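As they're listed, the protein sequences go chains Z and G.
Each residue of the first sequence is one higher than the one before, starting from 0 at the first, in numbering that gives the first Met the number 0.
Each residue of the second sequence is one higher than the one before, starting from 0 at the first, in numbering that gives the first Met the number 0.
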Amino acid sequence: MGFTARRPAAKSRITVVIPAYNEEKSIARVVRGLLQHGYTNLIVVDDCSRDATARRARQAGAVVLHHAINLGQGAALKTGIDYALQQGAEIIVTFDADGQHVPEDIPALIEPITHGDVEMTLGSRFLHGRSNVPLMKRFLLKAGILFTWLCSGIRLSDTHNGLRAISRSAAKRMTLRQNRMAHASEIIDEIHRKRIPFKEVPVTIRYTKYSMEKGQSMFNALDIAFRMLVRKLMR
Amino acid sequence: MIDILLIIVAIFVLFAWSRALLRFRDQAISLREFIFWTLIWGCAIALTAFRTQLDFLTIVLGIPRPVDVAVYFSIVLLFYLMFRLYVKIESVEQNLTKVVREIALRRKK
């Protein structure tokens, strides 16, 4: 594992990766919020946004990587993880750009990794019930949890939660090929395949009108299911 | 007498099977998938070679007319083509992703 044992990680060794596409309304607030909590290594991967996402992220204080064409959140996340590894990150935190995650949850995500208990932590909005999940969203997520269980053999309390922490060694071992939203299921699949020790950690998701508009639709959920089945077939 | 239809089908099947073999050697498909396609193309040859006995096959398969066997076989073939197209598109997308990622990372170095 990346950490020898039972010592808190300096925030300078933590890199937060934020994939972003057309998030000019929220990205500066997200970056400033993380900076205020002492996370200075912030990578925003601008997935060829048509708005001022990249400029606002840079002005707010993040390092910005730019995709020349729009590839999808999974591809942006992988680019950010690759860059973080190049820069020597010990722990990589993935964080959404729409403002639905809170920086206060990061210490609890990182702790099991720094203590050497696991190599990866997954945020769960259902563990402590702190998030007020809308009914339709709840239905989709529960269906996703069931699908993930059938597909990967891992039973989780939440799925497709973008807030996670990954140790350097786990990040290097994971093979992520899904460019779009199916990457979240792919990560679970990789945890199972590579036998990466993991733990779920309760986190809060702030549902706003803005984040709900950006969220997953029923069609996206079907697309994710199809892509995961094809991935299984082709492997 | 030369069986022209059998020759045409055999050439096509050999070509299609060689594609599956290449994909298997490139590790783009698994051994299980390769065996599946080998069986499919083997059946195609067998059906063509023994098509005069297809009446027996229609009874065994429960398909009323021999021509329906050909229709069903064509559907399998279409699935194969769709599979190939999907693999190709995925491969192109992965290559494109590599290029875009490389550019993004190099610009930051």
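In this text, a Cβ means the ideal position worked out from N, Cα and C, and glycines have one as well.
On a predicted model such as this, the values are computed, not experimentally measured, just so you know.
Chain Z places no beta carbon closer than 8 Å to that of A48 (chain G), leaving this residue out of the contacts. About 6 Å separates the beta carbon of I112 (chain Z) from that of A164 (chain Z), a gap short enough to meet the 8 Å contact definition. F197 (chain Z) counts as buried, since no fewer than 16 other beta carbons sit within 10 angstroms of its beta carbon. In terms of CA proximity to A45 (chain G), G:V8 leads the group G:V8, G:V91, G:F23. The continuous alpha helix (DSSP H) containing D188 (chain Z) extends over residues 182 to 192.
Taking 8 Å as the CB threshold, Y79 (chain G) stays off the interface with chain Z.
Non-local beta-carbon contacts of L155 (chain Z) in its own chain, meaning distances under 8 Å to residues more than five positions away in sequence, involve L121, S123, I144, T147, W148, I187, E199 in chain order. A distance of 8 Å or more separates the beta carbons of M135 (chain Z) and A181 (chain Z). Chain-order list of chain Z residues neighbouring K107 (chain G): V62, L64, Y82, by C-beta distance under 8 Å. Taking the CA atoms as reference points, G152 (chain Z) sits about 19 Å from A220 (chain Z). Spatial neighbours of S48 (chain Z) in its own chain (CB-CB distance under 6 Å, excluding positions within 5 residues in sequence) are listed in chain order as Y20, N21. Contact between H159 (chain Z) and A142 (chain Z) does not hold, since their C-beta atoms are separated by about 11 Å, which reaches or exceeds 8 Å. Setting aside the 5 residues that flank it on each side, T37 (chain G) is surrounded in the same chain by W16, A19, each with a C-beta closer than 8 Å to its C-beta; the list follows chain order.
Taking S25 (chain Z) as the centre and dropping the five residues before and after it, the same chain places the C-beta of A96, D97, G98, Y209 closer than 7 Å to its C-beta, in chain order. In the DSSP assignment, E92 (chain G) falls within the unbroken alpha helix (DSSP H) covering 65 to 107. Not a single C-beta of chain Z is nearer than 8 Å to the C-beta of A19 (chain G). Where M173 (chain Z) is concerned, there is no enclosing beta strand (DSSP E), because DSSP gives it neither an H nor an E. Here I105 (chain Z) really is in contact with Y38 (chain Z); their C-beta atoms are around 7 Å apart, less than 8 Å.
Residue state for S130 (chain Z) is assigned as coil, using DSSP reduced to three classes.
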